[in-house]
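In the numbering used here, the protein residues as written are 1438 to 2084.
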């Protein structure tokens, strides 16, 4: 048993030594690629450095296995006779054919008599260009553009082909397609004597009919522009989001449409400007008196046509109604029209509103408001149609009527005072007789005396206060009172001599209880109109007597002159300034002012006049202002002016 084990061990050792000996006889040392750079378009060659230790070893055959980027090369050797020892280096040559681009791992394995004896490995880079490009789209419509982005690597030259025809040698390529069809685009890239290609097929469709709105346009307000996107569209979108085939444009703006058909789209844009000329040449509603005149001469309008047949730029309208015209606006070229509702009033149809009236009492209210009146003006500027009056007179007023007509009329107003005297204030009861009382006028009716009588006169026998009521021809009723007094004795003298101003009258007043008898009528006053001796009859109501007086004449308006200049140089000539007159003043006031408004002289004494000094000093040569206020026994007044002070 022990002997068998020893034999088996020796056998294994022999085999190991034998294998070691065979492996050392063929040694695969290095792999070399002599033709670098290696490319995919040429055969890849490589050599294997082999050391053979026996001269009788023969290279029998090779076997190459390529799996992806891993290449196994098997080199078969044989030896049939015992080794003839001698180291012999040899180079084995191999061709791997055309390899794909990339790094390839190559392992060379030597076999001697079917046994693997040694191996070696090396890597090789297979180079060459790679064609690669990407189109921006592959399905487009006529009118679209495609850009071909070149992503090729390794090349130093490019060629682009369209349907077999070279179209460019640039890095990238792009084209606007105007014709439908299929286009085969090929990119050829070259480097290191190799080239690579890539191909895409492009489909260009022609499924959208042309759309063209034309040039931007302008038209007049009131019209409409119809924009048509065309027939046979899959869908339409307008700038206002409308999806109809057509839209009607009535306002200015930019209008845009996009149409779609079979995946393609087409668009167009148009700018629309709508002219809007001025049309408010006529007022909306207006009125006038007798006629209204429209003048459009200075407007930008021509070719007028009015509703009354006129073709002029000016037109006179004589009747009420709607007035219209049409014309061409020269600024926009548009036809415009305008309308006005016109009311024309006839001034001849306005009646007179003047009025003459007499009024009893202290106030009269008058209303001038009339139907159709639009404004009122009285003589004093007031605009209220109702106005109160307190005095007699003639008062004009103006009324604005429809259409602008005006009428001017007058109110003639007479106030009849209810306090008018019906009889004399007093009547005298004569001794052993009755007092006779008579109405001042015979134009009264409905008379009633306090004693019950109703005639135009009456008699009273008792002293005291009495009354009478009467109505005049205007319908005003008056009441008056009077006194029945005892007659004053007539043995006294009541009048004395007097004077009258030249050219003026002097009115004498009768004493209480006495009346003047003038033309057989009794009066409380007597007017003296000239100088001379007068006989005047006086009555106490019962008896009468005559008195005589002398009337002299006096010039009440004494002359008065103010010089324009004076020279207060103390030479005794023209040294003072004041009024030059012979008047007898009952009041006198003279004031002098300089040009600064300072009062430099003031006198109330006719004998104290301005001497040209102020505060003891001579005043400078200048123009001064004077004011003079005075009165005489018969008159009074004011004077003012300028005086020049000289030396």
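Just so you know, even glycine gets a beta-carbon here, dropped at the ideal spot from N, CA and C.
Computed from a prediction, not measured in an experiment: that's the story for all the values here.
task: Can you give me the start and stop residues for the beta strand (DSSP E) that residue 2088 sits inside?
output: This structure gives no information on residue 2088, because the portion of the chain shown stretches from 1438 to 2084.
- prompt: Excluding the five sequence neighbours on either side, which residues of its own chain have a C-beta within less than 6 angstroms of the C-beta of residue 1448, listed in chain order?
  reply: Caution applies to residue 1448, whose pLDDT of 44 falls short of 50 and renders its modelled position unreliable; the model cannot decide the point.
query: beta strand (DSSP E) containing residue 1572: first to last residue?
result: Element bounds for residue 1572: 1570-1572.
field: For residue 1786, three-class secondary structure by DSSP
entry: In the structure shown, residue 1786 sits in a helix (DSSP, three-state: H, G or I).
query: Is the CB-CB distance between residue 1875 and residue 1888 below 9 angstroms?
result: Going by beta carbons, residue 1875 and residue 1888 fall outside the 9 angstroms limit.
- request: Buried or exposed for residue 1934, please, with buried defined as at least 16 other CB atoms from any protein chain shown within 10 angstroms of its CB.
  value: Using a 10 angstroms sphere on the CB of residue 1934, the tally of other CB atoms stays under 16, which defines it as exposed.
- request: Have a look at 1548, 1867 and 1906 and flag the residue whose alpha-carbon is nearest the alpha-carbon of residue 1899.
  value: Among 1548, 1867 and 1906, the Cα nearest to that of residue 1899 is on 1867.
field: Residue interval of the beta strand (DSSP E) (run including residue 2105)
entry: The structure shown does not extend to residue 2105, since the chain spans only 1438 to 2084, so no value can be given for it.
For residue 1953, the residue or residues it bridges with in DSSP: BP columns for residue 1953 point to 1960 and 1975.
query: Taking all protein chains shown into account, do 16 or more other C-beta atoms lie within 10 angstroms of the C-beta of residue 1995, making it buried, or fewer, making it exposed?
result: The residue in question, residue 1995, is exposed, as its Cβ has fewer than 16 Cβ neighbours within 10 Å.
- request: Report yes or no: do three or more beta-carbon pairs, one from the segment 1815-1829 and one from the segment 1790-1802, lie closer than 8 angstroms?
  value: Taking 8 angstroms as the limit for Cβ pairs, the verdict is that the segment 1790-1802 does touch the segment 1815-1829.
message: Restricting to Cα atoms, I'd like to know which of 1549, 2010 and 1931 is closest to residue 1949.
response: If you compare the alpha carbons of 1549, 2010 and 1931 with that of residue 1949, the shortest gap goes to 1931.
message: By DSSP's criteria, residue 1582 is part of a beta bridge. Which residues make up the other side?
response: For residue 1582, which the question treats as bridged, DSSP gives the partners 1613.
- prompt: Which whole-angstrom value is the C-beta distance of residue 1563 and residue 1532, which I expect to be below 8 angstroms?
  reply: Going by Cβ atoms, the distance from residue 1563 to residue 1532 rounds to 14 angstroms, so no, they are not a contact pair.
query: Can you tell me whether residue 1730 is buried or exposed, with buried defined as 16 or more other CB within 10 angstroms of its CB?
result: That one is exposed.
task: Let me know the secondary structure DSSP gives residue 1451 once reduced to three states.
output: Interpretation of residue 1451 is limited by its pLDDT of 39, a score under 50 that renders its predicted location unreliable; the figure taken from the coordinates is listed afterwards. In the displayed model, residue 1451 falls within a helix according to three-state DSSP.
- prompt: Can you give, in chain order, each stretch of the beta strand (DSSP E) that sits fully within the segment 1498-1555 and has at least 3 residues?
  reply: The beta strand (DSSP E) runs of length 3 or more contained entirely in the segment 1498-1555 are, from start to end of the chain, 1507-1515, 1522-1535 and 1539-1549.
message: For residue 1473 and residue 1539, what's the separation of their Cα atoms in angstroms?
response: Pairing residue 1473 with residue 1539, the inter-Cα distance amounts to about 14 angstroms.
- prompt: Buried or exposed: which applies to residue 1610, given that a residue is buried once 16 or more other Cβ atoms fall within 10 Å of its Cβ?
  reply: The residue in question, residue 1610, is buried, as its Cβ has 16 or more Cβ neighbours within 10 Å.
- prompt: When DSSP builds the beta bridges, which residues end up paired with residue 1915?
  reply: Paired residue(s): 1907.
query: What first and last residue would you give for the beta strand (DSSP E) that runs through residue 1840?
result: Run containing residue 1840: none; DSSP gives neither H nor E here.
Helix, strand or coil at residue 1898 according to DSSP, with G and I counted as helix: Three-state result, residue 1898: coil.
First through last residue of the beta strand (DSSP E) which encompasses residue 1598: Counting along the chain, the beta strand (DSSP E) containing residue 1598 begins and ends at 1594-1599.
field: DSSP three-state assignment for residue 2084, whether helix, strand or coil
entry: Residue state, collapsed to three classes: coil.
Residue from 1696, 1840 and 2040 whose Cα sits closest to the Cα of residue 1781: For the residues 1696, 1840 and 2040, the minimum Cα distance to residue 1781 belongs to 1840.
query: Looking only at C-alpha atoms, which of 2066, 2059 and 2067 sits nearest to residue 2079?
result: When only C-alpha atoms are compared, the closest one is 2059.
task: Give the straight-line distance between the Cα atoms of residue 1834 and residue 1849, rounded to the nearest whole angstrom.
output: Cα-Cα distance, rounded: 11 angstroms.
field: Span of the beta strand (DSSP E), counted from its first residue to its last, around residue 1768
entry: Run containing residue 1768: none; DSSP gives neither H nor E here.
message: Runs of 3 residues minimum, wholly inside the segment 1670-1717: which ones carry the beta strand (DSSP E) assignment?
response: For the segment 1670-1717, the continuous beta strand (DSSP E) assignments of 3+ residues that do not extend past its boundaries occur at 1672-1675, 1683-1686, 1690-1698 and 1701-1712, in sequence order.
task: Going by DSSP, name the residue or residues bridged to residue 2030.
output: Answer is 2036 and 2062, bridged to residue 2030.
task: Report all residues from its chain with a CB closer than 8 angstroms to the CB of residue 2107; omit the five preceding and five following residues, and keep chain order.
output: Summary: the structure shown does not reach residue 2107, with the chain confined to residues 1438 through 2084, and so no result is reported for it.
task: Count the CB pairs spanning the segment 1707-1726 and the segment 1655-1662 that are closer than 8 angstroms, and state whether there are at least three.
output: A contact exists between the segment 1707-1726 and the segment 1655-1662.
message: Going by DSSP, what residue range makes up the beta strand (DSSP E) through residue 1812?
response: Residue 1812 -> beta strand (DSSP E) spans 1812-1815.
message: As a quick exercise: from 1700, 1598 and 1612, pick the residue whose alpha carbon is nearest that of residue 1606.
response: Cα-wise, what sits closest to residue 1606 is 1598.
task: Look at residue 1939 and residue 1992 and say whether their C-beta atoms are less than 9 angstroms apart.
output: Taking 9 angstroms as the cut-off, the Cβ atoms of residue 1939 and residue 1992 count as close.
field: Supposed close pair residue 2081, residue 2012 - CB separation, criterion 8 angstroms
entry: That belief does not hold up - the Cβ atoms of residue 2081 and residue 2012 are roughly 15 angstroms apart, past 8 angstroms.
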